[in-house]
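Below is one structure, written out as structure tokens, with a few remarks after it.
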Amino acid sequence: MIDLEIDKIDNEIKQEQIALDKRISALAEKEASIAETQEKITQLQKDRRTLEDEMGDKIAHVRERQSKMMQVQTGREQTALLKEIEDAKKNAKENEDKILEIMAEIEKLIAQVEEEKALLKGEKELVAEETEKVRDIIESINKGKKTKGTKRQKQIKEIQENLLRKYDTLRERRKGLAVVNVVQGVCQGCFMNIPPQQYNMLLKGDKIFECPTCQRIIYHQPEEVTEQV
Ligand SMILES: [Zn+2]
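Taking the working numbering, the leading residue of the sequence shown gets -18, the next gets one more, and so forth.
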């Protein structure tokens, strides 16, 4: 009985730890996801700088073309130059739109990371509390286990002492033969039958019995298997 209780306690400890481990690994996953988003933000900021440099070049190009406008003479040259300027402006505008898009995305991701970080912080605190609680539970469970263990030791000692006392008494009364074999349900001390139910339990071998007739301690030793010819 006590062994079963101790097993149950061990199982309880295991369950608590499994539940806690699950929460801790969920935290690690969230941390990894935040790191991933932050990496994305860094990449977007790099993209944005590249686009800004490109836009600077394009604006410089527009200015250069505009100043050239003063020098051209023919209408055809003017038309070509104007088209070039318009194209460059359009190009720069597209660049600017992309930059704005990226900035909006960065802003969104930063807000997301902030929110996730706040949530993670709260959860970490909860898990820390939970860890503390589980530690307390395990400690008290272990204390209970220790008490049970001591009780078990005591029981074993009592059983052994009882058995020894009985053995000594039997040896005195039964001319030295205190422990006897049982062969096919018959006690080899007094040669009386052991009741079938008790004999079956004896065969299972998980308990100590005594012969109901002579009170000797009985055991069952399987007969040697002889080879069949
Ligand atoms: Zn007997």
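We put the beta carbon where it would ideally sit given N, CA and C, even for glycine.
Q) With C-beta atoms as the reference, is residue 164 less than 7 angstroms away from residue 175? A) Contact check for residue 164 against residue 175 fails: the beta carbons are separated by 7 angstroms or more.
Q. By Cβ distance below 8 angstroms, which residues in the same chain neighbour residue 210 in space, the five residues on each side in sequence not counted?
A. Only weak support exists for where residue 210 lies, its pLDDT of 46 falling under 50; the value from the coordinates is given anyway. Sequence-distant partners of residue 210 (beyond 5 residues in either direction) whose C-beta falls short of 8 angstroms from its own C-beta are missing from its chain.
(Q) Taking 7 angstroms as the threshold (C-beta atoms), are residue 129 and residue -14 in contact? (A) Contact: yes.
**Q.** Contact set, ligand 1 heavy atom to C-beta under 6 angstroms
**A.** The set, ordered by position in the chain, is 168, 170, 171, 173, 192, 194, 195, 197.
Q: Tell me, please, whether the stretch 1 to 21 touches the stretch 85 to 103 by the rule of three or more beta-carbon pairs shorter than 8 angstroms.
A: Short answer: they touch.
Q: Output the boundary residues of the alpha helix (DSSP H) element that contains residue 108.
A: For residue 108, the enclosing alpha helix (DSSP H) begins and ends at 56 to 154.
Q.
Using CA atoms only, rank isn't needed, just tell me which of -10, -8, -7, 2 is closest to residue 112.
A. If we check each option's Cα against that of residue 112, 2 comes out closest.
Q: Please work out which residues of its chain come closer than 8 angstroms, Cβ to Cβ, to residue 208, disregarding the five sequence neighbours upstream and downstream, and give them in chain order.
A: With a pLDDT of 49 at residue 208, under the threshold of 50, the modelled position of this residue cannot be trusted, and the question is left open.
**Q.** residue 53 - DSSP class collapsed to helix/strand/coil
**A.** The DSSP-derived three-state label of residue 53 is coil.
Q. Does the Cβ of residue 197 have 16 or more other Cβ atoms within 10 Å, making it buried, or fewer, making it exposed?
A. Of the other Cβ atoms in all chains shown, 16 or more fall within 10 Å of the Cβ of residue 197; this residue is therefore buried.
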